[in-house]
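If you read the sequences in order, they're chains A and B. All you need for this note's numbering is the position in the first sequence, starting with 1, plus 69. All you need for this note's numbering is the position in the second sequence, starting with 1, plus 613. Step one of this worksheet: look at the structure below.
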Amino acid sequence: MREALRRVSLGYLVLAATAVAYLVVYTSRLGRFPTSFDYLSILNTTLPLVFVAIGQSLVVLTGGIDLSVGGIVSVCVAVTASKVTGGAVSSYTWILAVLALGLCCGAVNGLIVAYGRIAPILVTLATLSIFSGLALRVLPVPGGSIPPEVRLVLTNPATPTGLIWLGLAVAGWLVLRRTRFGMRVYAVGSDESSARAVGVPAAAVKLKVYALSGLCSALAAVFYVSTTTAGDANAGNPFILTSIASVVVGGVAFSGGRGSALGAMAGAVALTLVIDILFFSGIDPLYQSLFQGLFLVVAVLLGTVGTLLARRRRLA
Amino acid sequence: MNALRVLDSPGARRILYALGGTVAVLLVGAILHPGFASWSSLRVMLVVASFTGFVAAGQMLVVLVGGIDLSIPWVLNGAAIVLTTSSLGQTSRAPLAIALALGVGALVGFGNGMGVAWLGVPAVVMTLGMNGVMQGLTLGLSKGLTCASCGSYAPSPLRGLFGGALPAQLFLWAGVGLFMTVLLTLTTFGRRVYAVGVNPRAAFLSGIGVRGVTVALYTLSGVFAALAGIALVAYGGQPSLGLGDPYLFESIAAVVVGGVSILGGRGHYLGVIAGSLTLVAVTTFLQAQRVPEYGRLMIYGLVILAILFAYGREKAHD
């Protein structure tokens, strides 16, 4: 239990540190505190990654990995940008259809992983290619649009409606974690054969987890189109690596069974903040990925050192 | 008698499956598209597959001990740019430039290995971070490939690798194949690699320097990624940004289609050669059939899934 608390707090510590760094860099560069506009733009740009990170963290908690999030985001972005175009009723029906599509894509992954007994990294590698192809079929050239009414509800550029969705995501996780399904996710991730032995239907749990990850990717896609007001069939690719990075920075263990989606959400926000910090400190954007890579490794190293220190203290 | 027993082992059967896959794709191609399996078309496929074969050699080595190398794309790209900018297209500078490019690969791979083996960073995180570091360094130091020497070509002897009826590049690939096979099957080091892959704890308890082996394998993976970078820039003439991006997932796919277990401890490079060829043959065939890009992506994914279902499944539980 203490171990679980410590791992979760790593994500929050990293987030707090990057938030402080952001404030310091911003104020020293511009000579004033960030305005509500700055906070709002951070919130809106970070929402898609937050959702993908939640889905990825669920999968990683069961000891798997989902590389196809990139493909699912792409195909959902393509459908959203080309179909959610006008009229409130048709817009929201299409958004629901997009969410169902994401859920189905994820369920395909889950079915193959759980019942086909193929390693998750390989299954999702193959389906990534399939979903990316679908996205290209739906939206061959970048474009599309989203009606302003939908935009005002999802990522309003003037008032922080994004906070509502973020709050719903947090609340959703807090509830999910306490359900029977939530407990089973941790059980399967900690020790799958023990979980089976006590009667946890591991295959069904995995199927649901991958389906949920697909749903989260679809949500991310809707928010992505809402923020950027256009679609691109390759929009999802960056999310593969950044969602894994968020999960890692958020203190979710790759071996499964330890960590929480809240940590992954904190990791996602921290990763987005790092880009802003680099921008405001005037570092050549060409070097951006160098610092992101270092940030990732250092954050994980801090976690490892923390574990070692804690173990030594317990022994002493 | 002895040879028959070797053929019956699960390892050999996996190589046969992989080779069977290659032959099947080539046969289907030859039937539907006359000339597909002719030597001139086969030669092009072999050359294109050799690039995948190089990166997959490195990927296979780390997969054998249950690791993974996600830093391949930008190690490859970085090495390619190091080669052209340090050689400036001059033949006399070529040996030094090749050594430099391979050295960069070795250094990055060594860093990955140290992070994984000594600092205990998960392989996915370490190599993912390293990929970012290399991307940033490559873009930053070459100023987005706009530096004065960035327009240089690969030295002409290197570009000669691809000419003639039997391109020298194929001999280079055969050399890599020989190296990998000898290293993994005939040396103590090779036995240790499989031992660590099957059970690192048991390997450690029987006196194998698990950390040393791990560092050596990641270093070799870096060298092979750099070698692929050199070959690709020699093939294309000039480096470009994003040169290595397709090879991340391609290398993993080739390793798995080649019958190497992603969990470690099982697999041979002969299978990986077949795997690289299968993937390239599938892509070439779809291009020859004028399948649009979206269809190519989807069929490519379906083919990998089909191969995984054929021989990539794990044992049933209980």
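Yeah, the Cβ is synthetic: ideal placement off N, Cα and C, and Gly gets one too.
Can you list, in chain order, the residues of the region 915-927 of chain B whose Cβ is nearer than 7 Å to any Cβ on chain A? L915, I917, L918, L921, F922, G925, R926, E927
Is it the case that the Cβ atoms of L208(A) and A302(A) are separated by a distance below 7 Å? The residue you call residue 208(A) lines up with position 139 of the first sequence. The residue you call residue 302(A) lines up with position 233 of the first sequence. Cβ atoms of L208(A) and A302(A): closer than 7 Å.
C-alpha gap between V321(A) and G888(B), whole angstroms: Residue mapping note: residue 321(A) aligns to position 252 of the first sequence, counting from 1. Residue mapping note: residue 888(B) aligns to position 275 of the second sequence, counting from 1. Rounded to the nearest angstrom, the two C-alpha atoms are 34 Å apart.
Among the residues of its own chain, which have a CB less than 7 Å from the CB of G884(B), if the five just before and after it don't count? To locate residue 884(B), count along the second sequence from 1; it is residue 271. The residues are R627, I628, A631, G871, G872, V873.
Label F792(B) either buried or exposed according to how many other C-beta atoms from any shown protein chain fall within 10 Å of its C-beta, with 16 as the threshold for buried. By 1-based counting over the second sequence, the position of residue 792(B) is 179. Answer is exposed; the Cβ neighbour count stays below 16.
What did DSSP end up calling G857(B) once you bin it into helix, strand or coil? Numbered from 1 along the second sequence, position 244 holds the residue referred to as residue 857(B). Looking at G857(B) - three-state DSSP - the assignment turns out to be coil, as it is neither helix nor strand.
If we define contact as Cβ-Cβ less than 7 Å, is G722(B) a contact residue for chain A? Your numbering for residue 722(B) matches position 109 in the second sequence. So, not an interface residue.
DSSP has G212(A) in a bridge; who is on the other side? As a working note, residue 212(A) is residue 143 in the first sequence. Its beta-bridge partners are G300(A).
Quick one: what does DSSP say V868(B) is sitting in, helix, strand or coil? Here residue 868(B) corresponds to residue number 255 of the second sequence, with the count starting at 1. In the structure shown, V868(B) sits in a helix (DSSP, three-state: H, G or I).
State yes or no: is the beta carbon of T373(A) nearer than 7 Å to at least one beta carbon in chain B? Counted from its first residue, the first sequence places residue 373(A) at position 304. Interface residue, yes.
If you compare alpha carbons, which of R706(B), F837(B), R772(B), R805(B) is closest to A719(B)? Reading the second sequence from its first residue, position 106 is the one you call residue 719(B). The candidate whose alpha carbon is nearest that of A719(B) is F837(B).
Entirely enclosed alpha helix (DSSP H) segments - the region 243-303 of chain A, minimum 4 residues: 249-259, 261-266, 271-297
Quick check on I812(B): does DSSP put it in helix, strand or coil? The count along the second sequence starts at 1 and reaches residue 812(B) at position 199. For the record, residue 812(B) in the displayed sequence is Asn; it is not Ile. Looking at N812(B) - three-state DSSP - the assignment turns out to be coil, as it is neither helix nor strand.
Can you find the residues in the same chain that come closer than 6 Å, C-beta to C-beta, to L890(B), ignoring five residues on each side of it along the sequence? Position 277 of the second sequence, counted from the start, is the residue given in the question as residue 890(B). Result list for L890(B): T635, A662, in chain order.
Endpoints, the alpha helix (DSSP H) within which N306(A) is located: Residue 306(A) sits at position 237 when you count from the first residue of the first sequence. Segment 306-318, the alpha helix (DSSP H) holding N306(A).
Does DSSP put L741(B) in a helix, a strand or coil? The sequence position of residue 741(B) within the second sequence is 128, counting from 1. Correct three-state label for L741(B): helix.
K277(A) versus A86(A), P216(A), I181(A), residue with shortest Cα-Cα distance: As a first step, residue 277(A) is located in the first sequence; it is residue number 208 there, counting from the start. For the residues A86(A), P216(A), I181(A), the minimum Cα distance to K277(A) belongs to I181(A).
Straight-line gap, S809(B) to V823(B) (C-alpha atoms, nearest Å): Against the second sequence, residue 809(B) aligns to sequence position 196. Against the second sequence, residue 823(B) aligns to sequence position 210. Checking the sequence, you will find Val at residue 809(B) rather than Ser. Distance between the alpha carbons of V809(B) and V823(B): 7 Å.
Specify the secondary structure class of A204(A) as computed by DSSP and reduced to three states. Position 135 of the first sequence holds residue 204(A). Correct three-state label for A204(A): helix.
Tell me where the alpha helix (DSSP H) around P708(B) begins and ends. Against the second sequence, residue 708(B) aligns to sequence position 95. Counting along the chain, the alpha helix (DSSP H) containing P708(B) begins and ends at 707-730.
Using beta-carbon positions only, say whether V142(A) and S286(A) come within less than 7 Å of one another. Counted from its first residue, the first sequence places residue 142(A) at position 73. Counted from its first residue, the first sequence places residue 286(A) at position 217. For V142(A) and S286(A), yes; Cβs fall inside 7 Å.
Quick one: what's got a C-beta closer than 6 Å to T665(B)'s C-beta in the same chain, skipping five residues either side? The residue labelled residue 665(B) in the question sits at position 52 within the second sequence. Within the same chain, T665(B) has close Cβ partners E863, A867, S889.
Within this structure, are the beta carbons of D135(A) and T196(A) separated by less than 7 Å? To locate residue 135(A), count along the first sequence from 1; it is residue 66. To locate residue 196(A), count along the first sequence from 1; it is residue 127. No.
Hey, Y913(B) and S198(A): beta-carbon distance below 7 Å or not? Within the second sequence, the letter at position 300 stands for residue 913(B). Within the first sequence, the letter at position 129 stands for residue 198(A). Yes, these two residues count as a Cβ contact at 7 Å.
Can you pull the chain A neighbours of A866(B), defined as C-beta to C-beta under 7 Å? Position 253 of the second sequence holds residue 866(B). Neighbours of A866(B) on chain A, chain order: L194.
Count the other C-beta atoms from every protein chain shown that fall within 10 angstroms of the C-beta of V374(A), then say buried if there are 16 or more, exposed otherwise. By one-based count along the first sequence, residue 374(A) stands at place 305. With fewer than 16 Cβ atoms within 10 Å of its Cβ, V374(A) is classed as exposed.
Ordered along the chain, which non-local residues of its own chain (more than five positions away) have a Cβ less than 8 Å from that of L830(B)? Taking the second sequence and counting its residues from 1, the one referred to as residue 830(B) is at position 217. Closer than 8 Å at the Cβ level, and outside the excluded window around L830(B), lie L674, V675, L677, V678, G680, G726, V806.
For a contact meaning CB atoms closer than 9 Å, what does A304(A) contact in chain B? For this step, residue 304(A) is matched to residue 235 along the first sequence. Chain B residues near A304(A): none, gap ~15 Å exceeds 9 Å.
Using 7 Å as the threshold, is the C-beta distance between A339(A) and L109(A) below it? What you label residue 339(A) is simply residue 270 of the first sequence in a count that begins at 1. What you label residue 109(A) is simply residue 40 of the first sequence in a count that begins at 1. Contact flag unset, no.
I need the boundaries of the alpha helix (DSSP H) containing S159(A), first residue and last residue. As a first step, residue 159(A) is located in the first sequence; it is residue number 90 there, counting from the start. Run containing S159(A): 157-185, per the alpha helix (DSSP H) assignment.
Tell me the rounded alpha-carbon separation between V257(A) and A227(A). Your numbering for residue 257(A) matches position 188 in the first sequence. Your numbering for residue 227(A) matches position 158 in the first sequence. Approximately 43 Å, taken between the alpha carbons.
For M898(B), go through chain A and note every residue whose CB falls closer than 8 Å to its CB, in chain order. The residue you call residue 898(B) lines up with position 285 of the second sequence. Checking the sequence shown, residue 898(B) turns out to be Phe, not Met. In chain order: nothing, as chain A lies at least about 16 Å away.
Buried or exposed (CB count within 10 angstroms, at least 16 for buried), K756(B): Taking the first residue of the second sequence as position 1, residue 756(B) is located at position 143. That one is exposed.
In or out: M614(B) buried (at least 16 other Cβ within 10 Å) or exposed? To locate residue 614(B), count along the second sequence from 1; it is residue 1. Reliability of the predicted coordinates at M614(B) is poor, the pLDDT of 42 falling under 50, and the value obtained from them is presented with this limitation in mind. M614(B) comes out exposed.
Name the chain A residues whose beta carbon is nearer than 7 Å to that of M739(B)? Translated into positions along the second sequence, residue 739(B) becomes position 126. Correct list: V366.
Taking only beta-carbon positions, decide if Q902(B) is within less than 7 Å of chain A. Within the second sequence, the letter at position 289 stands for residue 902(B). Answer no: the Cβ-Cβ gap between Q902(B) and chain A never drops below 7 Å.
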